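The numbers in this note's numbering rise by one with no breaks, and the one at position 4 of the sequence shown is 201.
Here the structure is laid out as structure tokens; the discussion comes afterwards.
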Amino acid sequence: MRHRAEPLSPEQTAATMAVARTARPQPWTAEDHAAHVAIVVRIAIRSAKRRGVSLQSMLSIPRGWLLKLCDEGDPTCLVVRDWLMGNRAHLPDGFEEAVSAASINEEDA
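In structure tokens, the structure reads:
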């Protein structure tokens, strides 16, 4: 049988509010950062595959993440941004083929 939750006492409410006000976001670990970069790059590649190779092919929020990571100097995001903007001079050899191979492998999964 289910019981209804009892309301918090004034002391419990005050303690909960104090914890909520003082809680600070924790800094990202290296693994969290790497996972975020991987997600952003995957979104960029999928957007380019579906909508065309262009920075505008990405939705605004992931595009903002990509550009923020570029401002922070992330090398992977810098390469992807250059690719999306059509600057092929700084892309590594075989980048286009790797992207097309990755998209083919995703379709098989």
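Beta carbons are placed, not taken as given, at the ideal position from N, Cα and C, and that holds for glycine.
Bear in mind that the values here come from a model prediction, so they are computed numbers and not experimental data.
Three-state secondary structure (DSSP) at residue i?
| i | result |
| --- | --- |
| Leu-256 | coil |
| Val-250 | coil |
| Asp-271 | coil |
| Pro-204 | coil |
| Met-214 | helix |
| Gly-261 | helix |
| Arg-285 | coil |
| Asp-229 | helix |
| Gln-223 | coil |
Out of the options, state which residue places its alpha-carbon closest to the alpha-carbon of residue i.
| i | options | result |
| --- | --- | --- |
| Asp-279 | Ala-241, Pro-259, Glu-203, Glu-294 | Ala-241 |
| His-233 | Val-276, Arg-285, Asp-271, Thr-210 | Asp-271 |
| Gly-249 | Gly-283, Thr-210, Arg-221 | Gly-283 |
Answer yes or no: do residue i and residue j have a C-beta to C-beta separation smaller than 8 Å?
| i | j | result |
| --- | --- | --- |
| Ala-245 | Leu-281 | yes |
| Val-238 | Cys-274 | yes |
| Arg-243 | Leu-252 | no |
| Leu-263 | Val-277 | yes |
To the nearest angstrom, report how far apart residue i and residue j are at their CA atoms.
| i | j | result |
| --- | --- | --- |
| Gly-291 | Ala-231 | 23 Å |
| Glu-269 | Glu-294 | 27 Å |
| Leu-256 | Met-214 | 36 Å |
| Thr-226 | Ser-254 | 30 Å |
| Met-198 | Glu-208 | At Met-198, the pLDDT of 45 sits below 50, so the modelled position is not reliable and the matter cannot be decided from this model. |
| Asp-229 | Gln-223 | 11 Å |
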